[in-house]
Amino acid sequence: MSATAYLTIVQQLLTRYGMSTYVAFGNLGNLLTIAVFAQKSQRINPCSFYLLWMTICNLVCLDVGIIPIIFSLDHLDISTVSVVSCKLQFYVRHASFQMMRHYKVLACIDRFALSSLNMTIRQFSQYKVAKRMVIIGGIFWVLAVIFFAAVRTVENHSCNIFDDLYALIYTIYYMIFAGTLPPFLIMLFSLLVMRNLKQMRARITPSGENVSQHHPVANKLRKRDRDLLKMVLVEVLFYVLSTLPFSIFLVYKMITDDWVKSKERKQIETFINYMAQSFMMYFNTALPFYIYIFTSASFRKQTMGIFVKFYAFITGKPLGVEESGRTIMTMK
Numbered sequence: 001m002s003a004t005a006y007l008t009i010v011q012q013l014l015t016r017y018g019m020s021t022y023v024a025f026g027n028l029g030n031l032l033t034i035a036v037f038a039q040k041s042q043r044i045n046p047c048s049f050y051l052l053w054m055t056i057c058n059l060v061c062l063d064v065g066i067i068p069i070i071f072s073l074d075h076l077d078i079s080t081v082s083v084v085s086c087k088l089q090f091y092v093r094h095a096s097f098q099m100m101r102h103y104k105v106l107a108c109i110d111r112f113a114l115s116s117l118n119m120t121i122r123q124f125s126q127y128k129v130a131k132r133m134v135i136i137g138g139i140f141w142v143l144a145v146i147f148f149a150a151v152r153t154v155e156n157h158s159c160n161i162f163d164d165l166y167a168l169i170y171t172i173y174y175m176i177f178a179g180t181l182p183p184f185l186i187m188l189f190s191l192l193v194m195r196n197l198k199q200m201r202a203r204i205t206p207s208g209e210n211v212s213q214h215h216p217v218a219n220k221l222r223k224r225d226r227d228l229l230k231m232v233l234v235e236v237l238f239y240v241l242s243t244l245p246f247s248i249f250l251v252y253k254m255i256t257d258d259w260v261k262s263k264e265r266k267q268i269e270t271f272i273n274y275m276a277q278s279f280m281m282y283f284n285t286a287l288p289f290y291i292y293i294f295t296s297a298s299f300r301k302q303t304m305g306i307f308v309k310f311y312a313f314i315t316g317k318p319l320g321v322e323e324s325g326r327t328i329m330t331m332k
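Position one of the sequence shown corresponds to residue 1 (our numbering), numbered consecutively onward.
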């Protein structure tokens, strides 16, 4: 068996079994994450609000992007059935991806603002600001990607941009607004958050008094906020690691696009593109729930509360009582 044939088989196996597995677990995880962050007590927190909308976008990306790929293994490729389906599938998928990246950056900025010692910067970490930013970001990307959807068409059973000029514009746009700028901003604000936390720790007095007595920002970092900070930082680490390979591949593709390549090399590049752009990037949309579960005790409790509420709903049994301002999830 030739190397190219082997890579084709590996790609089909990864699509049929790998993608189908993480689509199933990803949908379950995303729905549970939405259920947790959609609770009123959670969504009034600006970071939780960003994560809620980011998860909604993850859910759309995962299903609109991956299910047609899996379906095409044994049936027609939905995106190439017609020009309309080609444009529409790309539009919904890409707009959702860009909004997801946008909200992920905003979540990092929110954690930076919350941990800042500057009172003016801390004003960014507010629920009313988060609502405005989510609406503005959503409208911007819904309009921004229309052009790239409009110039796509179907040729030789492939949904793509075949005009050389438009293809170049899209490649440059994608490298900046998907491959370079979001990871850069995420890493930048994550480093700034760690710097802020270091400065806060340095303000602890030698007598062991809590820093909250000396600076109001410490009072802002309650346990829920610290958990959200840890969740965001771990998630962005996985995001950068899963998207960096495709950014590198795009740079390589631009450099070598005019080179004469053998059939075997083209097949290898196609497989690398599949792994970097499809398999790993979509895998990232299925991960957040499991990252949150492993990194946050409060998120685990909130998730358990969702199961308890669901059990109470289907059995008709009432939930527990209020104690010290919080609901005790016990069954009567």
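Just so it is clear, CB atoms sit at the ideal spot from N, CA and C, and this is done for glycine as well.
Assuming contact is defined by CB atoms lying nearer than 8 Å, are Tyr-22 and Phe-283 in contact in what I supplied? yes
Please state whether DSSP places Asn-30 in a helix, a strand or coil. helix
DSSP beta-bridge partners of Thr-153: Asn-160
Under a three-way DSSP split, which group does Ser-2 fall into? coil
So, do the segment 62-73 and the segment 128-140 have three or more beta carbon pairs nearer to each other than 8 Å? no
Following the continuous alpha helix (DSSP H) through Met-275, name the residue where it begins and the one where it ends. Where Met-275 is concerned, there is no enclosing alpha helix (DSSP H), given that its DSSP letter is neither H nor E.
Out of Ser-20, Arg-93, Asp-77, which one is the CA nearest neighbour of His-157? Asp-77
Whose C-alpha, out of Phe-279, Tyr-252, Tyr-170, is nearest the C-alpha of Ser-20? Phe-279
By how many angstroms is the C-alpha of Met-119 removed from the C-alpha of Tyr-290? 34 Å
Close Cβ partners of Gly-208 (< 8 Å) along its chain, the five nearest in sequence each way excluded: Reliability of the predicted coordinates at Gly-208 is poor, the pLDDT of 48 falling under 50, and no value is obtained from them.
So Leu-117 is in the alpha helix (DSSP H); what residue range does that whole segment cover? Neither: Leu-117 is in no alpha helix (DSSP H) and is coded neither H nor E.
Whole beta strand (DSSP E) runs in the segment 36-73 with 3 or more residues, listed along the chain? none
Closest by CA to Phe-147, which one among Phe-90, Thr-285, Glu-269? Phe-90
Can you tell me which of Val-154, Ser-2, Val-193 puts its alpha carbon nearest to the alpha carbon of Ser-79? Val-154
Whole angstroms is fine: what's the gap from Met-200's alpha carbon to Cys-61's? 38 Å
With a threshold of 8 Å between beta carbons, is Asp-258 in contact with chain D? The chain labelled as chain D is not found in the depicted structure, where only one protein chain is given.
With respect to the alpha helix (DSSP H) encompassing Thr-15, which residues constitute its N-terminal and C-terminal limits? Premise fails: Thr-15 is in no alpha helix (DSSP H) and is neither H nor E.
Beta-carbon contacts of Asp-227 that lie in its chain and below 6 Å, excluding the five residues immediately before and after: Ser-296, Ser-298
Given that a residue counts as buried once 16 or more other Cβ atoms are within 10 Å of its Cβ, and exposed if not, what is Ile-314? exposed
Are three or more beta carbon pairs between the segment 183-194 and the segment 93-113 nearer than 8 Å? yes
Rounding to the nearest angstrom, what Cα-Cα distance links Phe-49 and Met-175 in this structure? 28 Å
Can you find the residues in the same chain that come closer than 6 Å, C-beta to C-beta, to Ala-35, ignoring five residues on each side of it along the sequence? Ile-306
Would a C-beta distance cut-off of 8 Å place Pro-46 and Lys-104 closer than the cut-off? no
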